[in-house]
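A.B. asks:
Numbering (my numbering), first residue to last: 106 to 314.
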C-alpha cells in the first residue's frame with residue numbers, strides 16, 4: 106500500500122505542476138555586447154532552463170525548415186551585413202546560418218505552424234532596441250530592453266494555448282534569430298489519466314505480492 110500511495114502522490118504532484126503552466130511562463134536572459142554564446146551566461150542559462158522544462162524540436166537553419174513550419178518577412182542567411190554584436194550571429198555549434206528580416210522597412214517576422222504548439226524559444230542576437238515583443242492569439246510578451254547589442258534567449262510555455270502563429274516585432278532592430286525551439290506539453294487531464302493507470306498497475310502488483 107505504501108508503494109501505491111507514493112506513486113499516486115508523485116503523479117498527482119506532476120499533474121498539478123503541469124496545470125500551473127496555465128499562464129505563459131517566460132524564460133529570458135540578456136548579455137549586453139556579446140558576440141558568442143560562450144560569453145553569454147544569462148542567455149544560455151535561460152535556454153537551458155527552457156530546455157529542461159519542455160521537450161522541443163530544434164530549427165537551426167542548417168537543415169531544411171521542417172514541413173508545416175513557415176515564416177513571413179524573414180530570410181535564411183549567413184551574413185547579417187555588419188558585426189555580430191550589433192547585427193547578430195549564428196548560434197548553432199558548427200553552423201553558419203540564421204534567420205534575418207528580409208525587408209528593412211517591415212518590423213515583423215511571423216512564424217506559422219500547421220500543428221499547434223504551446224512552447225517557443227530562440228536566440229536573438231545583435232539586440233539593441235527596446236520595446237520588442239512576441240505576440241500570439243491575444244497575448245503580447247515584452248522582451249528585454251535593448252542595450253549595446255548582444256545576445257538574448259527568449260522563450261515561453263503556455264499550456265492553455267494552441268498556437269498556430271507567432272509574430273515577432275523587432276522595432277527596427279537588425280536581429281538574427283537562431284536555434285528556434287518548438288514544443289507542446291501534455292494536457293493535465295492526460296497526465297492525470299496516465300497517473301491513474303500507473304497507480305492501478307502498482308496496486309495490482311501489490312495485491313499479487
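Glycine is no exception: its CB is placed at the ideal position from the N, C-alpha and C atoms.
Values in this document were obtained by computation on a predicted structure and should not be read as measured data.
1. From residue 274 to residue 169, what distance separates their C-alpha atoms?
2. Taking only three categories from DSSP, how would you classify residue 288?
3. Quick check: the region 277-287 against the region 208-225, are there 3 or more CB pairs under 8 angstroms?
4. Nearest-angstrom Cα distance between residue 257 and residue 281?
5. Please report the distance separating the alpha-carbon of residue 150 from that of residue 209.
6. Here's the rule: buried if 16 or more other CB atoms are within 10 angstroms of the residue's CB, otherwise exposed. What is residue 180?
7. Assuming residue 212 and residue 277 are in contact, meaning their beta carbons sit under 8 angstroms apart, how far apart are those beta carbons, in whole angstroms?
8. Pull up the distance between the alpha-carbon of residue 231 and that of residue 251, whole angstroms please.
9. With a 10 Å radius around its C-beta and 16 neighbouring C-beta atoms as the bar for buried, classify residue 195 as buried or exposed.
10. Could you name each continuous alpha helix (DSSP H) segment of 4 residues or more that falls completely within the region 176-202, going from the start of the chain to the end?
11. Please list, in chain order, all residues of the same chain as residue 182 whose beta carbon is under 6 angstroms from its beta carbon, the five residues on each side excluded.
12. Could you name the residues of the same chain whose beta carbon sits closer than 6 angstroms to that of residue 152, not counting the 5 residues immediately before and after it, in chain order?
13. Taking the alpha carbon of residue 192 as the reference point, which residue from 161, 255, 247 has its own alpha carbon closest?
14. Our contact map puts residue 268 next to residue 222 with C-beta atoms below 8 angstroms; I'd like the distance itself, whole angstroms only.
15. Go ahead and label residue 198 buried or exposed: buried means 16 or more other beta carbons lie within 10 angstroms of its beta carbon, across all protein chains shown.
C.D. replies: Checking against the coordinates, here is how it stands:
1. 24 angstroms
2. strand
3. yes
4. 10 angstroms
5. 31 angstroms
6. exposed
7. 6 angstroms
8. 10 angstroms
9. buried
10. 189-192
11. 205
12. 258
13. 255
14. 5 angstroms
15. exposed
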